[in-house]
Structure formats: C-alpha cells, structure tokens
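The structure appears right after this line, and notes come after that.
Below is the structure:
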C-alpha cells in the first residue's frame with residue numbers, strides 16, 4: 222500500500238515522503254497513529270502544493286539573507302567600549318554588543334548566536350568577523366572598536 226508520511230518515522234522516511242508499506246503495517250499502525258495518509262490523487266496534490274510552498278519560502282529566505290549580506294558587507298560597524306591606556310579594553314567585545322551595533326547602525330536584526338567570534342576582541346582596532354545569516358549565506362563584516 223502506498224502512503225504519504227505526515228510525520229517523520231524512523232527508518233521509513235520524513236514528512237511528505239511517498240513510501241510503499243505493507244498493507245498490515247499501514248492499516249494497523251501508520252494510519253491509526255496519524256503518521257501517514259493513503260496516497261490518493263488529492264493527498265498527492267496537497268503534498269506537492271506544500272512542497273512547492275516550502276521551496277518558495279526557502280528561496281525567499283535565501284534571497285533575504287543575500288540582500289542582508291550585501292548591506293552588511295558595505296558598512297563598517299562602530300562599537301564604543303570603555304578602554305584604558307595603550308588601547309586595552311576592560312573585558313572584551315561580545316557578540317551581543319556587535320549584534321546591537323548592527324541593529325542600531327544598519328537596522329538589520331542579527332541573532333548574536335550567528336556571529337562567529339574566533340578570538341576575543343580585547344584591543345581597539347578594526348576586526349573582520351564572520352556572520353552566518355542562512356545555512357548557505359555567511360558574510361564577513363568589519364567592526365571598528367573604539368575606546369570611550
């Protein structure tokens with residue numbers, strides 16, 4: 222019996238997959254548990270429609286991330302932080318402070334967890350930092366750290 226999975230089932234498939242299951246397994250387990258529906262033309266059309274909508278949504282997210290990346294690449298973000306003699310910062314610049322600077326100066330909201338600080342920023346200067354905006358879009362931004 223051909224069924225379309227409504228939920229992910231281990232060792233069988235993920236949501237929207239069309240699978241061939243034995244009649245007993247499908248009738249006695251998959252259908253009653255709400256894990257699958259019978260593969261009728263109407264159900265197949267509905268699954269295709271959902272997959273197309275998901276592809277459009279993912280493409281829109283990717284395009285949005287690419288436009289954000291272009292905007293972020295074109296700017297240098299300034300972070301003011303308390304510093305002492307010789308350009309030494311008290312503490313370090315955090316990803317939260319960088320995210321706040323990006324939001325204030327570019328109007329783009331970036332999750333602080335998506336900012337990849339490889340080393341701690343403990344001195345005044347200009348740094349290049351990677352920001353992951355999407356699974357496929359990683360951009361470099363310039364951050365200028367100035368002392369107060």
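Residue numbers (this note's numbering): 222 to 369. Don't be surprised by glycine CBs; every beta carbon is placed ideally from N, CA and C. Because the structure is a prediction, the values reported are computed rather than measured.
In the three-state DSSP reduction, residue 357 falls in the coil class, being neither helix nor strand. Shown here for residue 333: same chain residues with a beta carbon closer than 7 Å to its own, the five before and five after excluded, namely 316, 317 and 320 in chain order.
Residue range 342-344 is occupied by the beta strand (DSSP E) that includes residue 344. DSSP, reduced to helix, strand and coil, places residue 256 outside both helices and strands of the structure shown, so it counts as coil. Here residue 243 carries a coil assignment [DSSP, helix/strand/coil].
Take residue 353, set aside five residues on each side of it, and the residues of its chain with a beta-carbon closer than 6 Å to its own are 335 and 359, in chain order.
With the rule of 3 Cβ pairs closer than 8 Å, the segment 249-259 counts as touching the segment 224-236.
In the DSSP annotation of this structure, the continuous segment of the beta strand (DSSP E) that includes residue 224 starts and ends at 223-226. Under the 10 Å beta carbon count, residue 247 is surrounded by 16 or more other beta carbons and is classified as buried. For residue 301, the secondary structure class from DSSP, reduced to helix, strand or coil, is strand.
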